[in-house]
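Some notes on the structure that comes next.
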Amino acid sequence: AQIQAEPPFDPIHIEKGALKPSTADFEEALPPSCGDGPPPPKKDTALEQAKKAFLATYGDQCDKQFLANEPTVFSIKYKDKDAQPGEPDKETRLFHFSCSAAAYNESSIYYMTDDVSGVQQLQFAEPKMDIRYENNDSNGKLLGMSIVGFQTSGWAVNSDYDEAAHTITTFNKWRGIGDASDAGTYLFRNGNFSLVQYDVDASYDGEQNPETVVDYNTAP
Numbered sequence: 003a004q005i006q007a008e009p010p011f012d013p014i015h016i017e018k019g020a021l022k023p024s025t026a027d028f029e030e031a032l033p034p035s036c037g038d039g040p041p042p043p044k045k046d047t048a049l050e051q052a053k054k055a056f057l058a059t060y061g062d063q064c065d066k067q068f069l070a071n072e073p074t075v076f077s078i079k080y081k082d083k084d085a086q087p088g089e090p091d092k093e094t095r096l097f098h099f100s101c102s103a104a105a106y107n108e109s110s111i112y113y114m115t116d117d118v119s120g121v122q123q124l125q126f127a128e129p130k131m132d133i134r135y136e137n138n139d140s141n142g143k144l145l146g147m148s149i150v151g152f153q154t155s156g157w158a159v160n161s162d163y164d165e166a167a168h169t170i171t172t173f174n175k176w177r178g179i180g181d182a183s184d185a186g187t188y189l190f191r192n193g194n195f196s197l198v199q200y201d202v203d204a205s206y207d208g209e210q211n212p213e214t215v216v217d218y219n220t221a222p
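For the sequence shown, our numbering assigns the number 3 to the initial residue and increments by one for each residue that follows.
Here it is in C-alpha cells:
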C-alpha cells in the first residue's frame, strides 16, 4: 500500500486586523477572562480607594516603612435604627492604616465606607482643654482643667479597634512613662463612630490617675 503524505502544516494566522483605542475604563476594557481560564478575582474597589486616599493625603507625612503595608480591614454588621422587620443587616468596612511610630506613641489613620457613602476618612472628636498649674509650671500642682471647646483630628494615637465592643480607643502619652495622657473611646452606632468618653491625666506625678471629662458611656 502506498503511504499518503500528510498535508503541509498550515497554522492559524491573521489575515487582516485593526487596533482602535478604547474609551472605556481600564478595568472595563479588559476581557472577563483569558481564553478558557477562570475569571480573575473580583477587585476590592473600596480597599483600593482607601489605599489611594491614604497615600495621596499622608504619603509625605507617614514613615516610609508603613506606606507599603496593607491596612487592617474590619467588617461591621449592624441593624439600621430605621430598619423594617426582615431587612438584612447593613455593613460598614473599617480600614486601619499604621502611619508613624515614635518613642512611645504610634499614630494611625482610619477610613470607612458603606453601601451608601464612598470611602471617607474617620475624624476623631476631642475636647479642647484649658489646664492650669501652680505657677504655670506643668511639673507643679494641678490646679484644675476645663473644656473650652471641641475639635477634630484625623490622627488616632496608640489606637485599637475592639470588634466585640465596636469601639476604637486611643491613648496619647504626653511623656514616655504615661503618667500624663489623654484617652478617647469612640463607639460605632448606626453607621458612624462618636466620642462617648474622654479621659485626661494632666498631672506629671509619676502615677496614672486620669479624670473623665466627657462621659456618654456610663448609664445615668
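Note that the Cβ used here is the ideal one computed from N, Cα and C, for glycine as well.
Leaving aside the five residues that flank Ser161 on each side, the residues in its chain whose CB is nearer than 7 Å to its CB run, in chain order, Ser110, Ile170, Thr171, Thr172. Scanning the region 71-142 from its first residue to its last, no whole alpha helix (DSSP H) run of 4-plus residues comes out. The criterion of a C-beta distance shorter than 8 Å is not satisfied by Val159 and Asn219.
Going by DSSP, Phe173 is part of the beta strand (DSSP E) stretching over 169-175. Annotation for Phe99: Phe56, Pro73, Ser110, Ile111 place their beta carbon closer than 7 Å to its own, counting only its chain and skipping 5 residues before and after. In the structure shown, Ala158 adopts extended strand secondary structure according to DSSP, grouped into three states. Our two residues, Gly146 and Glu165, have alpha carbons roughly 35 Å apart in a direct line.
Contact between the region 127-140 and the region 198-211 is established, with three or more Cβ pairs separated by less than 8 Å.
Nearest neighbour of Gly156 by Cα position, chosen from Thr59, Val118, Gln86, turns out to be Thr59. DSSP places Gln199 in the strand class (E or B) of the three-state scheme.
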